[in-house]
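Here the structure is laid out as structure tokens; the discussion comes afterwards.
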Ligand code: CP3
């Protein structure tokens, strides 16, 4: 059979088509809620060792596809491999989340190299190649990177915080230096995503997990403008590249985001106003989302109702079913199965 005639539902939606049954995948679908992940994770050494081991990272990427038959696989890596490849110390302490050596002042930003060390990232591209070879052509392979604002929040604070106050404060006090950090991340993200696409990624997602803590003017400056530049830069290299933006917590700014960032889809969090998105966003770009990860953890009828509401709101337009953020490690596998059966029942 001609490979090109194989349907790939996620790519069809990203190209603007609506599906009768929406394609589905989950953010953080490879991870600790899966026993097969925990088993391999225990053998891998550090979390970064796992990210930079193409054999293991490819296996972990494929685990949720085998178990659940999701319509997309997402490269197993982390957004913080970019700070690591810029020479910043990055550690993942068990149960604590990431720990970086914080960039304390303007001089620390100006000491960063212009370009990431591509030798460090080479195993990530090798993982992409291996996954694309192993994956059925009907399943999309998504590459990704962190959006500059979100990556910068970790680089400045050295860890996650409830509202990323250290980076917000730094950006108010030293806007020019912070802008140079963002510029560096924009340039390196374009190269990084381009190489993932060259290695076989079918589309890429830009994770701006901390977009929602910014006031409107800063949202434009630190979330929208850098994302717009990344998409423009990537399209100069790969004109028809498919991009999903995830400006988590964008709220009323989502319209501005899609008007100015040339994404093919936006991934929306569970707090988002669905009727506004259906009337003002979905006619322009595909929508991805937005089940509350906590209702997936809860399961039962609450889960069924939440799935049905999302399908009723978004199901008739261009839509990819997903969570509003990553799956929680405590989530029972049976709940994921129940969600999938309900999304695909039609
Ligand atoms: O989605 C996937 O399955 C692909 C892999 C992926 C990971 N991180 C693996 C991971 C992706 C796409 C990410 C993105 C990421 N990483 C984001 C953006 C999206 C989001 O979830 O907000 C952010 C902010 C990070 C930074 C990061 N990495 C944090 C805050 C943590 C700790 C929180 C946690 O869940 O432990 C990580 C670690 C991490 N990244 C784990 C996984 C599977 C858990 C570490 C482990 O297994 O030991």
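Numbering (the numbering used here), first residue to last: 1497 to 1842.
All residues carry an ideal CB built from backbone N, CA and C; glycine is no exception.
key: Spatial neighbours of residue 1776 in its chain, beta-carbon cut-off 7 Å, leaving aside the 5 residues before and after   = Within the chain shown, the letter at position 280 stands for residue 1776. So the list reads 1751, once near-sequence residues are dropped.
request  = State the DSSP-derived secondary structure class of residue 1764, mapped to helix, strand or coil.
outcome  = Taking the chain shown and counting its residues from 1, the one referred to as residue 1764 is at position 268. Strand, per DSSP.
ask   = Since residue 1527 sits in a beta bridge, which residues does DSSP pair it with?
value = Taking the first residue of the chain shown as 1, we reach residue 1527 at position 31. Per DSSP, none; premise fails for residue 1527.
inquiry  = Less than 8 Å separating the Cβ of residue 1526 from some heavy atom of the ligand CP3?
reply    = Translated into the one-based positions of the chain shown, residue 1526 becomes position 30. Yes, the beta carbon of residue 1526 sits closer than 8 Å to at least one heavy atom of the ligand CP3.
inquiry  = Check for me: the alpha helix (DSSP H) holding residue 1810 runs from which residue to which?
reply    = For the purposes of this step, residue 1810 is identified with residue 314 of the chain shown, where counting begins at 1. Residues 1796-1810.
query = Whole alpha helix (DSSP H) runs in the region 1565-1629 with 4 or more residues, listed along the chain?
reply = 1577-1581, 1602-1606
Helix, strand or coil at residue 1823 according to DSSP, with G and I counted as helix = Translated into positions along the chain shown, residue 1823 becomes position 327. Residue 1823 falls in the coil class under three-state DSSP.
ask   = If you draw a straight line from the alpha carbon of residue 1589 to that of residue 1542, how long is it in whole angstroms?
value = Walking along the chain shown from the start, residue 1589 turns up at place 93. Walking along the chain shown from the start, residue 1542 turns up at place 46. Taking the straight line from one Cα to the other gives about 9 Å.
query = Taking C-beta to C-beta, are residue 1798 and residue 1510 nearer than 9 Å?
reply = For the purposes of this step, residue 1798 is taken as residue 302 along the chain shown, with counting starting at 1. For the purposes of this step, residue 1510 is taken as residue 14 along the chain shown, with counting starting at 1. No, they are not a contact pair.
query = Hey, is the region 1565-1577 in contact with the region 1646-1653, meaning 3+ C-beta pairs nearer than 8 Å?
reply = yes
ask   = Which runs of the beta strand (DSSP E) spanning at least 3 residues fall entirely within the region 1692-1719, listed in chain order?
value = 1699-1704
query = Is any heavy atom in the ligand CP3 found nearer than 8 Å to the beta carbon of residue 1563?
reply = As a working mapping, residue 1563 is identified with position 67 in the chain shown. Because no heavy atom of the ligand CP3 lies under 8 Å away, the Cβ of residue 1563 does not count as near it: no.
ask   = In terms of residue numbering, what span does the alpha helix (DSSP H) encompassing residue 1505 cover?
value = In the chain shown, the residue the question calls residue 1505 occupies position 9. Residues 1505-1510.
task = Would you tell me roughly how many angstroms separate the C-alpha atoms of residue 1631 and residue 1514, rounded to the nearest one?
result = Along the chain shown, read from residue 1 onward, the residue named residue 1631 stands at position 135. Along the chain shown, read from residue 1 onward, the residue named residue 1514 stands at position 18. C-alpha separation (whole angstroms): 23 Å.
Segment contact, 8 Å Cβ cut-off, at least three pairs: the region 1780-1790 with the region 1800-1819 = yes
Proximity winner among 1790, 1746, 1794, relative to residue 1772 (alpha-carbon distances) = Locating residue 1772 in the chain shown gives position 276, where the first residue counts as 1. Nearest option by C-alpha distance: 1746.
inquiry  = Could you check whether the region 1651-1670 touches the region 1520-1535, counting it as contact only if at least three pairs of C-beta atoms, one from each stretch, sit closer than 8 Å?
reply    = no
task = Give a single yes or no on whether residue 1726 has its beta carbon closer than 8 Å to a heavy atom of the ligand CP3.
result = Within the chain shown, residue 1726 is the residue found at index 230, counting from 1. No - the ligand CP3 has no heavy atom lying nearer than 8 Å to the Cβ of residue 1726.
message = According to DSSP, residue 1549 sits in a beta bridge with which residue or residues?
response = Counted from its first residue, the chain shown places residue 1549 at position 53. Partner(s): none; residue 1549 has no beta bridge.
inquiry  = For residue 1724 and residue 1643, I'd like the C-alpha separation in whole angstroms.
reply    = Counting from one through the chain shown, the residue named residue 1724 turns up at place 228. Counting from one through the chain shown, the residue named residue 1643 turns up at place 147. Each residue's Cα considered, the two are about 11 Å apart.
message = Could you tell me which whole beta strand (DSSP E) segments of length 3 or greater appear in the region 1640-1694?
response = none
key: Nonlocal neighbours in the same chain, by C-beta distance under 8 Å from residue 1555, ignoring five residues either side   = Here residue 1555 refers to the residue found at position 59 when the chain shown is read from its first residue. Counting only Cβ-Cβ distances below 8 Å, and skipping sequence neighbours, we find 1536.
query = Is the beta carbon of residue 1560 less than 9 Å from the beta carbon of residue 1569?
reply = Counted from its first residue, the chain shown places residue 1560 at position 64. Counted from its first residue, the chain shown places residue 1569 at position 73. A contact, by the Cβ cut-off of 9 Å.
Where residue 1793 sits in the DSSP three-state scheme = Here the question's residue 1793 lines up with position 297 in the chain shown. Here residue 1793 sits in helix by DSSP.
request  = Tell me, please, whether the region 1700-1707 touches the region 1668-1675 by the rule of three or more beta-carbon pairs shorter than 8 Å.
outcome  = no
query = What are the boundary residues of the alpha helix (DSSP H) that includes residue 1729?
reply = Indexing the chain shown from 1 puts residue 1729 at position 233. First-last of the alpha helix (DSSP H) with residue 1729: 1721-1733.
request  = State yes or no: is the C-beta of residue 1710 nearer than 8 Å to some heavy atom of the ligand CP3?
outcome  = For this step, residue 1710 is matched to residue 214 along the chain shown. Checking the Cβ of residue 1710 against the ligand CP3 gives no.
task = Would you kindly report the start and end of the unbroken beta strand (DSSP E) that includes residue 1782?
result = For the purposes of this step, residue 1782 is taken as the residue at position 286 of the chain shown. Its beta strand (DSSP E) spans residues 1782-1787.
ask   = Under the rule that 16 or more other beta-carbon atoms within 10 Å means buried, what is residue 1549, buried or exposed?
value = Locating residue 1549 in the chain shown gives position 53, where the first residue counts as 1. Label assigned to residue 1549: buried.
query = Where do the ends of the alpha helix (DSSP H) carrying residue 1741 lie?
reply = Here the question's residue 1741 lines up with position 245 in the chain shown. Premise fails: residue 1741 lies in the beta strand (DSSP E), 1739-1743, not in any alpha helix (DSSP H).
task = Within its chain, find whatever has a CB closer than 7 Å to the CB of residue 1527; leave out the 5 residues flanking it on each side and keep chain order.
result = The residue labelled residue 1527 in the question sits at position 31 within the chain shown. Cβ neighbours of residue 1527 beyond the five flanking positions: 1533, 1823, 1825.
task = Would you kindly work out how many angstroms separate the C-alpha atoms of residue 1748 and residue 1603, rounded to a whole number?
result = As a position in the chain shown, residue 1748 is number 252, starting the count at 1. As a position in the chain shown, residue 1603 is number 107, starting the count at 1. Their backbone Cα atoms lie some 36 Å apart in a straight line.
task = Could you check the C-alpha separation between residue 1624 and residue 1557 for me, to the nearest Å?
result = Locating residue 1624 in the chain shown gives position 128, where the first residue counts as 1. Locating residue 1557 in the chain shown gives position 61, where the first residue counts as 1. When rounded, the distance between both Cα atoms is 9 Å.
ask   = Can you tell me whether residue 1770 is buried or exposed, with buried defined as 16 or more other CB within 10 angstroms of its CB?
value = Residue mapping note: residue 1770 aligns to position 274 of the chain shown, counting from 1. Buried.
ask   = Measuring CB to CB, does residue 1720 end up less than 9 Å from residue 1764?
value = If you number the chain shown from 1, residue 1720 lands on position 224. If you number the chain shown from 1, residue 1764 lands on position 268. Contact flag unset, no.
request  = Would you kindly work out how many angstroms separate the C-alpha atoms of residue 1835 and residue 1517, rounded to a whole number?
outcome  = The residue given as residue 1835 occupies position 339 in the chain shown. The residue given as residue 1517 occupies position 21 in the chain shown. The straight-line gap from Cα to Cα measures roughly 13 Å.
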